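One structure is given below, encoded as structure tokens.
2 protein chains.
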Amino acid sequence: MKLNDITIKDIAERANVSKSTVSRVLNDLAIVNPKTRQTVLEAVESLGYQANVFARGLASGRSMTVGIVTQKIGSPFYDMMMQGVIQGFTGTGYSPIFVDGQWEQSTELDVIRTLLGRKVDGLILLGGDISQKDLDTLRDRLPTIVVGRDVPGWENQCVYVDNFSGAYDATRHLIEFGHRNIAIIRGITHHQDAIRRFQGYAQALSDASIELDPDLVLDGNFSAQSGILAINSLLMRGKSFSAVFCANDMVAYGARLALQRKGIRVPEDVSIVGFDDQAESSYVSPPLTTVRQPGVEMGGVAAKGLVKLMQGETCELPVMKAELQRRESVSRITTP
Amino acid sequence: MKLNDITIKDIAERANVSKSTVSRVLNDLAIVNPKTRQTVLEAVESLGYQANVFARGLASGRSMTVGIVTQKIGSPFYDMMMQGVIQGFTGTGYSPIFVDGQWEQSTELDVIRTLLGRKVDGLILLGGDISQKDLDTLRDRLPTIVVGRDVPGWENQCVYVDNFSGAYDATRHLIEFGHRNIAIIRGITHHQDAIRRFQGYAQALSDASIELDPDLVLDGNFSAQSGILAINSLLMRGKSFSAVFCANDMVAYGARLALQRKGIRVPEDVSIVGFDDQAESSYVSPPLTTVRQPGVEMGGVAAKGLVKLMQGETCELPVMKAELQRRESVSRITTP
DNA sequence: TTATTTACTGAAACCGGTTGCAATCAGGTG
DNA sequence: CACCTGATTGCAACCGGTTTCAGTAAATAA
Numbered sequence: 001m002k003l004n005d006i007t008i009k010d011i012a013e014r015a016n017v018s019k020s021t022v023s024r025v026l027n028d029l030a031i032v033n034p035k036t037r038q039t040v041l042e043a044v045e046s047l048g049y050q051a052n053v054f055a056r057g058l059a060s061g062r063s064m065t066v067g068i069v070t071q072k073i074g075s076p077f078y079d080m081m082m083q084g085v086i087q088g089f090t091g092t093g094y095s096p097i098f099v100d101g102q103w104e105q106s107t108e109l110d111v112i113r114t115l116l117g118r119k120v121d122g123l124i125l126l127g128g129d130i131s132q133k134d135l136d137t138l139r140d141r142l143p144t145i146v147v148g149r150d151v152p153g154w155e156n157q158c159v160y161v162d163n164f165s166g167a168y169d170a171t172r173h174l175i176e177f178g179h180r181n182i183a184i185i186r187g188i189t190h191h192q193d194a195i196r197r198f199q200g201y202a203q204a205l206s207d208a209s210i211e212l213d214p215d216l217v218l219d220g221n222f223s224a225q226s227g228i229l230a231i232n233s234l235l236m237r238g239k240s241f242s243a244v245f246c247a248n249d250m251v252a253y254g255a256r257l258a259l260q261r262k263g264i265r266v267p268e269d270v271s272i273v274g275f276d277d278q279a280e281s282s283y284v285s286p287p288l289t290t291v292r293q294p295g296v297e298m299g300g301v302a303a304k305g306l307v308k309l310m311q312g313e314t315c316e317l318p319v320m321k322a323e324l325q326r327r328e329s330v331s332r333i334t335t336p
Numbered sequence: 001m002k003l004n005d006i007t008i009k010d011i012a013e014r015a016n017v018s019k020s021t022v023s024r025v026l027n028d029l030a031i032v033n034p035k036t037r038q039t040v041l042e043a044v045e046s047l048g049y050q051a052n053v054f055a056r057g058l059a060s061g062r063s064m065t066v067g068i069v070t071q072k073i074g075s076p077f078y079d080m081m082m083q084g085v086i087q088g089f090t091g092t093g094y095s096p097i098f099v100d101g102q103w104e105q106s107t108e109l110d111v112i113r114t115l116l117g118r119k120v121d122g123l124i125l126l127g128g129d130i131s132q133k134d135l136d137t138l139r140d141r142l143p144t145i146v147v148g149r150d151v152p153g154w155e156n157q158c159v160y161v162d163n164f165s166g167a168y169d170a171t172r173h174l175i176e177f178g179h180r181n182i183a184i185i186r187g188i189t190h191h192q193d194a195i196r197r198f199q200g201y202a203q204a205l206s207d208a209s210i211e212l213d214p215d216l217v218l219d220g221n222f223s224a225q226s227g228i229l230a231i232n233s234l235l236m237r238g239k240s241f242s243a244v245f246c247a248n249d250m251v252a253y254g255a256r257l258a259l260q261r262k263g264i265r266v267p268e269d270v271s272i273v274g275f276d277d278q279a280e281s282s283y284v285s286p287p288l289t290t291v292r293q294p295g296v297e298m299g300g301v302a303a304k305g306l307v308k309l310m311q312g313e314t315c316e317l318p319v320m321k322a323e324l325q326r327r328e329s330v331s332r333i334t335t336p
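Protein chains in written order, with UniProt numbering: chain A, 1 to 336; chain B, 1 to 336.
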């Protein structure tokens with residue numbers, strides 16, 4: 001906890017060399033006599049020198065910071081990814097700067113502009129809505145990785161989870177347990193994840209020769225409140241159903257509560273599955289069967305990958321698997 | 001989404017003035033002829049000029065970034081505060097850099113050093129463990145605000161919630177509902193918040209002339225898992241109890257689950273109250289009675305306050321009130 | 001009319017690094 | 001011994017702003 005106004009010049013004097021030599025030692029980008037090198041390093045050590053980031057940035061053009069654009073800080077899945085990103089960058093010398101795009105194109109472009117203004121060396125977009133065109137422009141400008149979004153043509157700069165198969169597995173699980181009338185509460189209509197999950201759901205039904213009943217398809221917005229609303233309107237319709245596949249865990253929480261308020265038990269009367277597997281889901285009542293998104297891993301993978309990109313190497317990014325976590329919110333249907 | 005390598009020199013040429021004048025207009029720290037000013041601004045506008053942060057930082061010493069030290073990204077309360085911090089800074093021109101101290105003194109000092117190396121203009125510590133001495137040193141060096149921690153002598157640089165009275169109110173609520181045998185699952189032993197909450201609990205009991213029974217005091221670590229463990233060991237002791245005050249909501253979730261697993265109903269058999277009021281708590285079963293910590297507000301207040309400090313003004317920081325949210329996890333005791 | 005301000009503006013010196021280019025030095029070669 | 005090489009190292013020119021200081025022209029005071 002000590003401050004220092006030691007500059008490279010001080011080091012140079014102390015070691016009896018020129019600024020240039022000190023700089024070379026520090027960045028080892030040229031051959032320096034081992035003995036000189038040693039002297040310089042000792043001077044650095046004993047004076048507790050730390051390079052001034054501004055000067056370095058101004059001269060070299062690199063900032064050693066990366067911009068992270070997230071959507072809705074405070075939502076469980078994005079928080080997991082952020083956590084992973086931070087972990088992924090610790091020890092690499094890069095510092096992440098976080099900004100919030102709030103799921104709004106214009107806001108997102110704004111904050112990206114801010115980041116560019118700050119001369120970040122790379123960019124990680126967690127989700128987001130901006131157009132492929134903007135994305136491509138961005139990529140031309142600096143190393144960029146998109147997480148939680150599958151962008152055509154970005155094969156090795158995308159980390160995303162296979163929403164389709166996750167939803168497929170979840171729905172299939174319900175079907176295997178005897179459910180035929182499976183409602184779905186979708187996420188935000190134009191949201192890519194939401195669309196994929198719906199497709200997985202539809203495919204699973206179709207593969208089991210169950211006709212998709214439009215009356216069992218409800219719209220939501222990923223919030224618990226929207227789960228409540230959806231269940232209420234579903235009950236109004238009077239259609240019978242024995243299971244609900246929810247866009248995410250928060251929606252599932254809302255759905256469960258709404259059902260309970262009407263005296264409908266979960267899972268005895270109606271089964272529920274969610275998506276995300278946020279931390280709370282193991283402990284709610286009943287513990288929620290859900291599809292686990294490896295948010296932390298995704299963030300970590302993205303960070304490590306970006307570091308490689310920024311160093312001019314290429315990187316391979318794995319497609320993350322969304323795995324079903326079977327818990328207690330789904331029960332077997334005994335007799336129809 | 002357009003890149004620009006426009007420098008102040010380009011603006012100067014375009015407007016037929018010197019770099020100095022452009023700089024003056026941009027920072028309006030000297031009188032400039034309105035007409036000249038206008039010309040410069042037009043040039044800036046039409047070329048889409050954006051100042052280079054490195055150059056500005058190097059010359060002025062200010063970075064327009066602030067460091068935010070958090071503990072455990074991904075934990076609900078810290079996430080709320082982060083969210084508030086981000087909101088608080090948007091539009092101020094300052095960008096937050098987040099680092100994670102992980103509730104470890106040495107890590108925390110490390111990351112703070114990193115931030116200092118990045119020449120942040122100010123610091124917000126969300127929670128944390130570092131010594132008052134280090135804190136004081138830090139404060140001498142640059143504007144600093146501590147959130148979620150009550151530091152003696154830092155009257156206007158601390159944002160914290162009154163844990164004592166929050167816990168007091170929660171316990172008192174249980175007492176008013178007829179409970180006498182109230183267990184408590186504490187947070188991490190040396191954690192200040194945990195200590196205050198325990199004191200509030202103890203005081204409420206004492207004020208109601210209920211003797212504090214050491215057998216009803218359990219230790220936990222703020223995790224759901226620790227709630228489960230605590231309940232199990234409480235049940236082993238064979239002591240009877242009708243209510244549990246939990247260190248935070250996650251612990252309450254765990255506790256509820258553990259009780260249910262033993263066939264004990266909440267709230268019919270045992271009442272539970274938590275602390276935090278994280279987003280899920282309204283929707284779990286039963287909706288959790290808990291003490292609301294205004295995390296987002298706290299983060300926002302801290303950010304706004306820090307901006308004032310960085311501008312050389314003083315700031316007044318309110319003590320945040322922790323308010324009891326009455327929901328359905330507490331029931332009246334009818335007959336003993 | 002002349003002396004003084006006042007209002008603006010420009011030149012140039014930083015800020016603390018990086019980097020291209022030239023210079024120096026030691027060892028090897030003919 | 002003169003010449004050539006490669007290894008090292010220093011000089012000085014940036015990078016793109018901010019800020020001090022001096023200078024000019026117009027305005028006010030004497």
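Glycine included, every Cβ here is placed at the ideal spot set by N, Cα and C. Bear in mind the structure is a predicted one, so any value in this text is a computation, not a measurement.
CB contact check: residue i to chain B, cutoff 8 Å
| i | result |
| --- | --- |
| residue 338(A) | Absent from the model: residue 338(A). The displayed extent of chain A is 1 to 336, so no value can be given. |
| L216(A) | no |
| P294(A) | no |
| D129(A) | no |
| R261(A) | no |
| S95(A) | yes |
| A55(A) | yes |
| Q157(A) | no |
| L26(A) | no |
| Q50(A) | yes |
Beta-carbon proximity check, residue i vs residue j, cutoff 8 Å
| i | j | result |
| --- | --- | --- |
| L142(B) | G122(B) | yes |
| T290(B) | V270(B) | no |
| Q102(A) | K72(A) | yes |
| M310(A) | G84(A) | no |
| L257(A) | S242(B) | no |
| A202(A) | L212(A) | yes |
| G67(A) | I97(A) | yes |
| L126(A) | Y78(A) | yes |
| T65(A) | V99(A) | no |
| S63(B) | R118(B) | yes |
| L234(B) | K262(B) | no |
| E45(A) | N156(A) | no |
From the options, residue whose alpha carbon lies closest to that of residue i
| i | options | result |
| --- | --- | --- |
| M81(A) | Y160(A), I228(A) and S281(A) | Y160(A) |
| G227(B) | S282(A), T189(A) and L259(A) | S282(A) |
| D162(B) | I175(B), R196(B) and D134(B) | R196(B) |
| T314(A) | T144(A), A194(A), V99(A) and Y253(A) | T144(A) |
| D169(A) | N33(A), Q199(A) and I185(A) | Q199(A) |
| G305(B) | Q260(B), G128(B), S209(B) and G88(B) | G88(B) |
| I124(B) | L135(B), K133(B), V146(B) and R332(B) | V146(B) |
| T171(A) | D5(A), E323(A) and I8(A) | E323(A) |
| residue 341(B) | S75(B), V22(B), P34(B) and K35(B) | The structure shown does not extend to residue 341(B), since chain B is modelled only from 1 through 336, so no value can be given for it. |
| S329(A) | K308(A), R62(A) and Q260(A) | Q260(A) |
| G91(A) | S331(A), V307(A) and M320(A) | V307(A) |
| C246(B) | S46(B), L288(B) and K239(B) | L288(B) |
| P318(A) | D193(A), L116(A) and P294(A) | P294(A) |
8 Å contact criterion, which residue i and residue j should meet: CB distance rounded
| i | j | result |
| --- | --- | --- |
| R37(A) | V25(A) | 5 Å |
| G220(A) | V244(A) | Contact flag wrong, Cβ pair sits at about 11 Å. |
| A279(B) | Y253(B) | That belief does not hold up - the Cβ atoms of A279(B) and Y253(B) are roughly 13 Å apart, past 8 Å. |
| L216(A) | A230(A) | With 8 Å as the limit, L216(A) and A230(A) do not qualify as a contact, their Cβ atoms being about 11 Å apart. |
| L47(B) | I11(B) | 6 Å |
Proximity test, Cβ basis, 8 Å: residue i and chain A
| i | result |
| --- | --- |
| G300(B) | no |
| residue 338(B) | Residue numbering for chain B in the displayed model covers 1 to 336; residue 338(B) lies beyond these limits and cannot be assessed. |
| Q132(B) | no |
| S329(B) | no |
| T114(B) | yes |
| M82(B) | yes |
Self-check item: Cβ pair count under 8 Å reaching 3, the segment 256 to 266 of chain B against the segment 54 to 63 of chain B
Solution: no
Quiz item: Is the number of C-beta pairs between the segment 174 to 183 of chain A and the segment 151 to 165 of chain A that are closer than 8 Å three or more?
Solution: Segments in contact, no.
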